[in-house]
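**Student:** My questions all concern the structure below.
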Amino acid sequence: MRRPLLLIAILFSTLTFAQVNVRDSTVQGWLIHISASYNVKGGDFSDHFLPNFSVGGDVQYKWKSNWFLSVGGRYHFGDKLRDPQAVFGDLLTSTGEILALNGEYATVTFRERGWNASVDVSYLFNQFGHNPNSGVMLGVGLGYNAHWIDVRNQQENTPQIQDDYLRGYDRYTQGFMTRQYLGYHFAGNQRSVNFTVGFEFMQGFNSNNREYNYDTRMFDTGSKLDLYYGLRVSWFLPIYNENAQKFYYY
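With mature numbering (1 follows the signal peptide of the UniProt record, and there is no 0) applied, the sequence shown covers -18 to -1, 1 to 232.
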C-alpha cells in the first residue's frame, strides 16, 4: 500500500514542478513560425505598386534571457499595378489593351511579385506578458529583397512583352534591406496557442537589375529606396527544452 502511494506522490510532485518551471520562469528552445502580412508601400516603388500581401516562415531560437535569433523569408504578391499605362503605355491601345499576333486583344495581366530574406535579432519585454515567455517584442534585422512586375499571358501570343523584351519593362529591382519589428509575442500555456502580431518596417536599398527601361528609353542605374509598412501575424510551434516538454506530456 505504501509503495503505490509513494509513486503517486512522486508523480504529483513532478507534475507540479514542471508546471511551475514553465509558467513561472523563462524557457529556451526553437520556434517555427508561419506568417502572413499586409504591406503598404512607400519610397520609389510606390509609383508602380499598390499594397500587397506576403506569406512566409521563420526559424527562431529563444534563449532564457529572452533574446531571439531568427532566419526567415517572405514571398510578396499583388494583383494589380498602380498604373500600367505608365510602364506599358507604348504597347497599349487607347482602351488599355495589348494586341496579340493575330490582331485581336490578348489576355494579359500585370502583377507584382517579390521576396525577401533576413536574419533578425529580437528582445522580449516580458513585463507586459501573461507569463515570463510572453510580452512586447522589439526586433531588428538585415537581409536581401527583390521585386518586379510579373506579366502573364497564358497564350504566349504577345512577343512584345515576352522573354528578352520583357526585361526592358519588368523593373526587376533588388538589393540589401533593413527590417524593424514591434509587436506582441504570446506563448500560451497550452502548446497550440502561440502567436505574434505586430508592425514591421522594411527599407530596401535597391537598384534596377535591368539597367535600361524600354518605355522611357533611358538607362536606370540610380539607387532606389523602397519602403514597406506592414501588419504581420504569425502562428508558431515551440520546441522547448526538456523541462518545457515535461509540462506538455505529464
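Beta carbons are placed, not taken as given, at the ideal position from N, Cα and C, and that holds for glycine.
Going by C-alpha distance, which of T155, H30, F183, G150 is nearest Y163?
**Tutor:** Comparing Cα-Cα distances from Y163 to each of T155, H30, F183, G150, the minimum goes to F183.
**Student:** I need the straight-line Cα distance from L51 to T89, nearest angstrom please.
**Tutor:** 46 Å
**Student:** Would you list the one or two residues that DSSP bridges to D208?
**Tutor:** G25, G186
**Student:** Less than 8 Å between the CB atoms is what I'm expecting for E94 and N34, so what's the real figure, rounded?
**Tutor:** 6 Å
**Student:** In whole angstroms, what separates the C-alpha of F201 from that of N191?
**Tutor:** 11 Å
**Student:** Can you name the residues that DSSP bridges to I131?
**Tutor:** E94
**Student:** On a CA-only basis, which of N48, G39, L219, T8 is nearest M119? Give me that one, please.
**Tutor:** Ranking the options by Cα distance to M119, first place goes to N48.
**Student:** Grab the span of the beta strand (DSSP E) containing A82 for me, first residue to last.
**Tutor:** Here A82 belongs to no beta strand (DSSP E), and DSSP marks it neither H nor E.
**Student:** Assign V4 to buried or exposed, taking buried as 16 or more other Cβ atoms, counted over all protein chains shown, within 10 Å of its Cβ.
**Tutor:** Interpretation of V4 is limited by its pLDDT of 45, a score under 50 that renders its predicted location unreliable; the figure taken from the coordinates is listed afterwards. With a threshold of 16 other beta carbon atoms within 10 Å, V4 meets it and is buried.
**Student:** DSSP three-state call for N3: helix, strand or coil?
**Tutor:** Because the pLDDT of N3 is 43, which lies under 50, any placement of that residue in the model is unreliable, and the question is left without a value.
**Student:** Rounded to the nearest angstrom, how far is the Cβ of Y210 from that of N84, given a contact under 8 Å?
**Tutor:** That pair is no contact at about 41 Å.
**Student:** Looking at F110 and R64, is the spacing between their C-beta atoms short of 8 Å?
**Tutor:** no
**Student:** For W130 versus T160, is the C-beta spacing smaller than 8 Å?
**Tutor:** Not in contact: W130 and T160 (Cβ atoms no closer than 8 Å).
**Student:** Here's a check: name, in chain order, each residue in its chain whose Cβ is nearer than 8 Å to the Cβ of N139, leaving out the five neighbours to either side.
**Tutor:** Apart from the 5 residues on each side of it in sequence, N139 sits with its Cβ closer than 8 Å to the Cβ of A82, L83, N84, A88 in its chain, given in chain order.
**Student:** Going by DSSP, which residues form a beta bridge with Y155?
**Tutor:** A quick correction: the sequence has Thr, not Tyr, at residue 155. T155 is bridged to H129, N190.
**Student:** Using 8 Å as the Cβ pair cut-off and three pairs as the minimum, do the segment 212 to 226 and the segment 175 to 189 touch?
**Tutor:** yes
**Student:** Put residue 233 into one of helix, strand or coil per three-state DSSP.
**Tutor:** Look at the range of the chain in this structure, -18 to 232, and you will see that residue 233 is not part of it.
**Student:** With DSSP as the reference, identify every bridge partner of Q42, one or two as the case may be.
**Tutor:** L13, S52
**Student:** Since V103 and K46 should fall inside the 8 Å C-beta cutoff, what is the C-beta to C-beta distance between them, to a whole number of angstroms?
**Tutor:** With a Cβ gap of about 16 Å, V103 and K46 do not count as contacting.
**Student:** How is the alpha helix (DSSP H) around A68 delimited, first residue to last?
**Tutor:** 66 to 70
**Student:** Hey, how far is the Cα of R56 from the Cα of K62?
**Tutor:** Going by C-alpha positions, R56 is about 19 Å away from K62.
**Student:** Can you tell me which of S28, F107, N115 puts its alpha carbon nearest to the alpha carbon of N171?
**Tutor:** N115
**Student:** Our contact map puts A128 next to G150 with C-beta atoms below 8 Å; I'd like the distance itself, whole angstroms only.
**Tutor:** Incorrect: roughly 17 Å between the Cβ atoms, too far for contact.
**Student:** By alpha-carbon positions, which one of S7, V37, N188 ends up nearest to I16?
**Tutor:** Checking every option, the nearest Cα to that of I16 belongs to V37.
**Student:** Grouping DSSP H, G and I as helix and E and B as strand, with all else coil, what is N108?
**Tutor:** helix
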